[in-house]
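Residue numbers (my numbering), protein chains in the order written: chain A, 718 to 1211; chain B, 6 to 524; chain C, 756 to 1004; chain D, 134 to 370.
From the three backbone atoms N, C-alpha and C, an ideal C-beta is built for every residue, glycine too.
In what follows, a single structure is set out as structure tokens and then discussed.
Structure below.
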């Protein structure tokens, strides 16, 4: 990769700044002109998506795009660089932002939510930070955007402004800021100072594996600090902010807590494993298996917890924690196919999980129901929604011909490359657990009969809620059939 | 000519005299006079900074009275020296002074009606004293200027309510003890070296290698303890919270960002320039002991800050904690720690300014700074709150505010010296600050009250009256300085390298350990 | 609490005594401070540099003139602060009477004071002006001058003294004192020297640079005298009446 | 380090000046820390500063030296008219004093410094006295313990909480009762009956939040009155 041609281009910055411009428009339009306000959100999302997509051909041709913003320290630039994994993540986030915006319009208006201007502004801000993480070229840059994301999502998590929101917000910020300020910051500072031969930039291309100069113990400490420091990745025991954050409105849960925020966490962890430590260093590290064990434990435990959750959004949240474990596991496997599979899983899981969240939100908008046990027979009233739910669930479980299959396949292949048979077994068990906690929802909805069958209030959610979820459900299929492009982007040959 | 350096001090002095004289004519003249003299002073300090950067030795020396420096040890006349550190601090002092002067119009009229000439006179003399402290190269002149700053400080605080006067008394006693101990220490130095010039003293110490002399050791203790008292380092902090909390709001806006920081500058100056690195760090036990004291100080101050229910008082304890940061940055004894310490002096001045200006505006508009009075203020004063939060984020250390960068260097310094106790307390207090500020944000943004109950029905109804949610910003003379301060916090963060470059140039003259990897 | 304070004080005493062991003996002419080139320079060169016989005055007003300027400023600050702290604000009604002293000025006292005050004031001028050749100077003269007004206030009452020297005028005079001091410094700056470099005043005065320093020092001392005398009286007036400027002692 | 006799000769004979200054300094410091009366503290402050002045001035002493004013024979000014070798009088420029004559004058610098320190001391003292007067005006005392008590009471009464009452949900019966009490006597400290009522309220088991906070506040107000001595270390300005 280090020989890749470098193209200087301002487009990454545009993708970063489009949400800011959108935010100015959103605030200017304000509560008095809701249509204009949402138009601005659309424009910002579309511009961002268009810019990101326009970068795809360059990356597919094997080059990377760079843009230098400013010098953080004399020895560290704030550098944007678009490479395969980053672009894949950016594509997913920006495309799903369009869908989410459409969905949010229906959802927020359907529930007559307050302070929608604030909601859309900070939503845009979060997406800018997400782009920043996706396009960062070194550790410090990624840290900046990571913190920006933590703070800018706080008003979204506490959007309801009631006691529950306050508790959720406290847990959210408590976990994220504690880990990032107390674990991540020392680790970063350690990396930047203690490397011999002066300061490093911790660039993701140039300085891969330089941490290998540390002593073994230091390496393990650093690895753990990073793994838990990026608490957005939801590795247990730093996971409990995520169920707490589900008090946010569903569009936030959907995009941020299934796609942007948590994926930023695992993406950062992936960067650390793949582009700071590098496969070579990890393979030679004696204690490295422990991270795989932690990730596996997270997968299994969270799946078991998900089984017992009756609140649909909480169940999905624990499912998300498990799926994030896959990605961390893939990154920790430290083989090409494993890490490629991890990046692919970011996209695949995002598409599947956002569908599930959309469905949960659509059910809430249409019927006001939050609990799995209340969903009996709802599938007959809301066939489109529940159909999409089925597709999303199957994709998350990992059945062909849906996207989730590809990534799990590569994760398993990566594990086999390393002769880690137990990882494959973990994957199998967890897939089975996925079946147990996701399919009953659909089954209940379609095959159980409800006592209130003739309740006339049961109907499909507004079209602006339904269309996005159908689109993302379709996306799950598309990801399966276009997987060769994605594989090429992450540097794997199909 | 390098006359600018003395104009920095003279402009506020002349402004103060003009204010006192103009009181007979019209009280309305005081504000414009103060603003003009502060603008002039800032202009002079910017020039001094530029000259210091451009000069080949990176410092400007100005002998008042035109005496020569040829003697060894030097010290016939009083010297004004602006090396890069002094010039930076001067710039901070005058800049903060200008912003607070701009801000002072409304609160001074309200809080101290009829006393404007005296208020502005004392106010400008305070800035004059602080800027002089940052510039002077003479140990005794430093004492005089410390007293100028201290006396104006007492006056500015006691001007307020009776409660403020009661708070001032402690400040007077402790401040006098601190300054007198410093004076005594300077006396010891003079006794052993025969000069008062800072560089001269170090030259003698090095020439006669006075490292083990008991008198010098005690002189160091006296000077250091004196300065620690003046900067409200933890066991000696008792004067600070009450004094800043009950002072008129403009006073606390000026004193809180500057006084403690300038005293930390004095400590750095004493450690590096007067006693020298070898004496301060290697022939005393302080390097071993101080980080532990600092750790205790930070933890205690942070915990006390947690217990407060009033913004100004909380901020006062935060300052005590921040003082711990900076003192620790010096005493972990390495290159990065000192960069962090000096940079934190600058950034802490800016962010404390931001927070106190915000608190002043809240006091002005709501007549209270108690936490309970803050419910839902964001709807009423969004711009003020944004400015206030930027200061808060900087205290927490979130990028790209300047607080992040200073904390970065402090952490790096702690790592290089392997001072884990300092690191851990730094992390601890960072988390305390997260709690402090997000607790405020909950009050302001979520409008919850003490018991955590939401008084409204949710979904946008926060239980606020119409009056509480109507957009009602502070007057522009208060709001604009706050926003300027907030943007300075961001700008120093973004262009931190420009500042750190100057600090590095300054520190390279001293032989400091740089850790494992420094080139 | 008291015991802890006592132990603390004792410890400080021991520390200081330990340090004192390292000090030169009393009156040792070879002590570093006494034999240092700086001190010798003052002793040997004051005459050449300034032609002032009183080295203390020369060092005070010229070599370390900047210190002295701020010292004057400190006095000025004290005046400003005391007045502004005490002026206005709610007073305790019950205690107002404590400051009221009911008496007729005593005939003998007032007549004696009437005689003494001019003498004191002339002496004050003498101390101020003669500070160049004998102990004395601006501070001493200023204090004597202030004392004369305080004496008036003591023997008649404060009102009488304030009619001669109103409190507003105190401030004007004090400010003028600083203006004189800083003005001389600024003038020497305007004439091409550094701040307070009096030698450059020779360009406008018909004397040698050394004598220019001599005369400028006198001017500076006058400025100090202005400020000190005014502020001393203002301090007395405000402190004795709790800031109300009436019915004082 | 401490041989017999040597410490005496070192401290009391050779360095008597330092010994005296240390004693004075400690007296002043003791008064500042331990005295209860604010004015006495200020007197201690003056002693403290005087001790330092004594220390400085004694630095300047040289054995066998005169005051730092030129003797007539060295006077640079006025006596330029010097008799030449030839017997003719000439105006001579002032000369640099010979180095052998320098020990004949005591060191002028400490005197200068202490002139400054004296003035600073006077200014500080004046300011501190005015602060004392202001305290006396506001609180009627200059005794530290009484002052602290009053300050504590004032702080407890005046926490800076916004005064406006927020609209509450339907209050319970007991809350209504206490509200009535409160409206009858707006300030808890002013009336004895009110305090009794609050006390009675506190003895009951179930209370509404508002009652609780009110009684607690009263308790904190009451506390310092019972005993005169409690001296909180923190918060004692």
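Three-state secondary structure (DSSP) of residue i
i: residue 87/B; result: strand
i: residue 512/B; result: helix
i: residue 257/D; result: helix
i: residue 375/B; result: strand
i: residue 860/A; result: helix
i: residue 1028/A; result: strand
i: residue 216/B; result: coil
i: residue 853/A; result: strand
i: residue 353/B; result: helix
i: residue 1053/A; result: helix
Residues that DSSP places opposite residue i in a beta bridge
i: residue 785/A; result: 796/A
i: residue 65/B; result: 87/B
i: residue 202/D; result: 809/C
i: residue 829/A; result: The partner list for residue 829/A (beta bridge, DSSP) is empty, contrary to what the question assumes.
i: residue 141/B; result: 85/B
i: residue 790/A; result: 793/A
Closest residue to residue i among the options (Cα-Cα distance)
i: residue 785/A; options: 960/A, 995/A, 1207/A, 797/A; result: 797/A
i: residue 1028/A; options: 1016/A, 1090/A, 723/A, 1018/A; result: 1090/A
i: residue 760/A; options: 737/A, 899/A, 982/A; result: 737/A
i: residue 762/C; options: 163/D, 151/D, 157/D, 158/D; result: 163/D
i: residue 985/A; options: 1041/A, 918/A, 1139/A, 790/A; result: 1041/A
i: residue 1030/A; options: 981/A, 936/A, 1080/A, 1163/A; result: 1080/A
i: residue 782/A; options: 767/A, 799/A, 789/A; result: 799/A
i: residue 151/D; options: 192/B, 431/B, 232/B, 264/B; result: 192/B
i: residue 994/C; options: 837/C, 811/C, 948/C; result: 837/C
i: residue 262/B; options: 189/B, 366/B, 104/B; result: 104/B
i: residue 749/A; options: 795/A, 792/A, 834/A; result: 834/A
Where the alpha helix (DSSP H) containing residue i begins and where it ends
i: residue 1152/A; result: 1138 to 1164
i: residue 944/C; result: 922 to 945
i: residue 288/D; result: 277 to 290
i: residue 483/B; result: 481 to 499
i: residue 519/B; result: Premise fails: residue 519/B is in no alpha helix (DSSP H) and is neither H nor E.
i: residue 970/C; result: 964 to 996
i: residue 275/B; result: Segment: none, residue 275/B is in no alpha helix (DSSP H) and carries neither H nor E.
i: residue 875/C; result: 862 to 884
i: residue 953/C; result: Run containing residue 953/C: none; DSSP gives neither H nor E here.
i: residue 330/B; result: 316 to 336
Boundaries (first-last residue) of the beta strand (DSSP E) holding residue i
i: residue 723/A; result: 723 to 725
Beta carbon proximity, residue i to chain F, threshold 8 Å
i: residue 276/D; result: Structure shown: chain F not included; protein chains present are A, B, C and D.
Contact test: residue i Cβ vs the ligand NAD heavy atom, cutoff 7 Å
i: residue 243/B; result: In the structure shown, the ligand NAD is absent, as is every other ligand, since no ligand is present at all.
Three or more C-beta pairs below 8 Å linking the stretch 76 to 87 of chain B and the stretch 234 to 241 of chain B = no
Inter-stretch contact at 8 Å, needing at least 3 Cβ pairs: the stretch 205 to 214 of chain B / the stretch 152 to 170 of chain B = no
Examine the Cβ distances between the stretch 804 to 823 of chain C and the stretch 141 to 159 of chain B and report whether three or more of them are shorter than 8 Å.
-> yes
Hey, is the stretch 983 to 999 of chain A in contact with the stretch 1044 to 1062 of chain A, meaning 3+ C-beta pairs nearer than 8 Å?
-> yes
Would you call the stretch 193 to 209 of chain D and the stretch 863 to 880 of chain C touching, i.e. three or more CB-CB distances under 8 Å?
-> no
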